[in-house]
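First the structure, in the form of structure tokens, and then the observations on it.
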């Protein structure tokens with residue numbers, strides 16, 4: 001599918017981290033017919049409402065960026081909400097998109113769908129080859145179901161759905177709430193507030209040794225729009241850098257970007273999560289796409305955004 005300025009594109013979850021980045025990328029291309037609905041305007045857990053929306057609006061393409069998301073604490077403490085809401089949202093949107101004749105569907109998963117102890121770097125073929133990380137298995141199982149639903153609809157009905165698996169994301173508009181955010185935005189907030197308060201130390205969950213890969217959300221948005229047009233097949237595609245850092249190194253980059261003069265303390269009594277999570281991006285690079293925003297620059301611009309928008313950031 002080729003995107004034009006007149007293409008009717010529905011971005012589900014357009015106010016979230018990923019959805020807002022996709023909208024920015026589409027606006028940059030001059031797209032004039034974006035279909036955007038807030039949760040108040042369209043509750044994606046309401047099947048009749050979702051079906052009416054698709055029947056009335058007839059989008060040509062759908063980018064599925066809507067989901068209940070969160071970090072280790074949120075996943076571990078709200079397992080029922082994470083599995084139920086994501087399963088319902090996915091079922092409603094994928095099925096309604098197929099029924100209304102959507103020409104191309106992009107489903108966004110997460111690197112947490114892979115086995116906890118998967119060989120590194122993680123190839124797409126490692127899906128369902130071992131146990132999941134227990135702290136986020138409910139969300140992971142829901143996302144795996146979404147991938148399989150897209151593949152099943154392609155096989156049985158010829159529905160042109162593709163599934164993309166992003167690595168850990170960050171950037172402007174992220175969730176900085178310390179109870180349910182991911183590690184990078186949580187560290188940005190904690191370190192910024194420690195600087196403002198003049199605190200001598202900042203405590204980081206875990207040992208600092210797990211390795212994580214991070215991708216700026218604007219790079220992900222570019223990858224999504226590239227693959228929307230350039231890729232049309234059943235196999236999943238990992239989206240990432242193919243490079244990782246330790247949590248300690250990540251925290252030190254944030255300390256430098258914020259200009260914090262205190263000391264980091266690592267609390268080994270708190271969970272580390274998966275020891276390492278690095279994606280194999282061979283399939284992505286073979287398709288002709290690579291990210292452009294290096295981690296140091298991305299963290300610096302995200303920290304600057306957070307400080308500038310502190311009053312309206314998601315805290």
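Numbering (the working numbering), first residue to last: 1 to 315.
Where a beta carbon is used, it is the ideal one built from N, C-alpha and C, also for glycine.
For residue j and residue i, the rounded distance between their alpha carbons
i, j, result
"residue 163", "residue 287", "14 Å"
"residue 322", "residue 118", "A question about residue 322 goes unanswered here, because the residues of the chain that appear run from 1 up to 315."
"residue 244", "residue 276", "9 Å"
"residue 158", "residue 168", "31 Å"
"residue 34", "residue 223", "18 Å"
"residue 96", "residue 30", "27 Å"
"residue 174", "residue 188", "11 Å"
"residue 155", "residue 102", "16 Å"
"residue 184", "residue 7", "35 Å"
"residue 9", "residue 268", "46 Å"
"residue 64", "residue 89", "10 Å"
"residue 313", "residue 19", "16 Å"
"residue 145", "residue 87", "7 Å"
"residue 216", "residue 260", "22 Å"
"residue 76", "residue 45", "22 Å"
"residue 80", "residue 138", "8 Å"
"residue 52", "residue 11", "16 Å"
"residue 299", "residue 251", "10 Å"
"residue 50", "residue 227", "25 Å"
"residue 307", "residue 301", "10 Å"
"residue 225", "residue 204", "35 Å"
"residue 142", "residue 40", "23 Å"
Sequence-distant residues of the same chain with beta carbon closer than 8 Å to residue i, five excluded per side
i, result
"residue 56", "none"
"residue 130", "115, 116, 117 and 118"
"residue 59", "8, 9, 10, 35, 97, 100 and 102"
Chain-order list of residues whose beta-carbon lies under 6 Å from that of residue i (same chain, five-residue window excluded)
i, result
"residue 150", "107, 161 and 163"
"residue 178", "186"
"residue 318", "Residue 318 cannot be examined here, being either before or after the span of the chain that is shown, 1 to 315."
"residue 200", "262"
"residue 305", "172"
"residue 266", "204, 207 and 208"
Which listed residue (the options) has its alpha carbon closest to that of residue i
i, options, result
"residue 16", "254, 171, 240 and 284", "171"
"residue 104", "231, 268 and 38", "231"
"residue 294", "191, 242, 144 and 312", "242"
"residue 290", "152, 237 and 68", "237"
"residue 66", "80, 54, 48 and 38", "38"
"residue 198", "226, 143, 176 and 258", "258"
"residue 135", "196, 62, 23 and 82", "82"
"residue 279", "93, 190, 142 and 212", "212"
Burial state of residue i (16 or more Cβ within 10 Å)
i, result
"residue 229", "exposed"
"residue 309", "exposed"
"residue 25", "buried"
"residue 235", "exposed"
"residue 2", "exposed"
"residue 140", "buried"
"residue 23", "buried"
"residue 196", "exposed"
"residue 292", "exposed"
"residue 253", "buried"
"residue 27", "exposed"
Close beta carbons around residue i, own chain, < 7 Å, minus the five adjacent residues each side
i, result
"residue 121", "242, 278, 279 and 280"
"residue 220", "18, 21, 166, 169 and 239"
"residue 296", "253"
"residue 68", "81, 82, 85 and 86"
"residue 123", "280"
C-beta neighbour in chain D for residue i, strict 8 Å
i, result
"residue 56", "The structure shown contains no chain D; it holds only a single protein chain."
Contact the segment 205-212 vs the segment 247-255: 3+ CB pairs below 8 Å: Touching, per the Cβ criterion.
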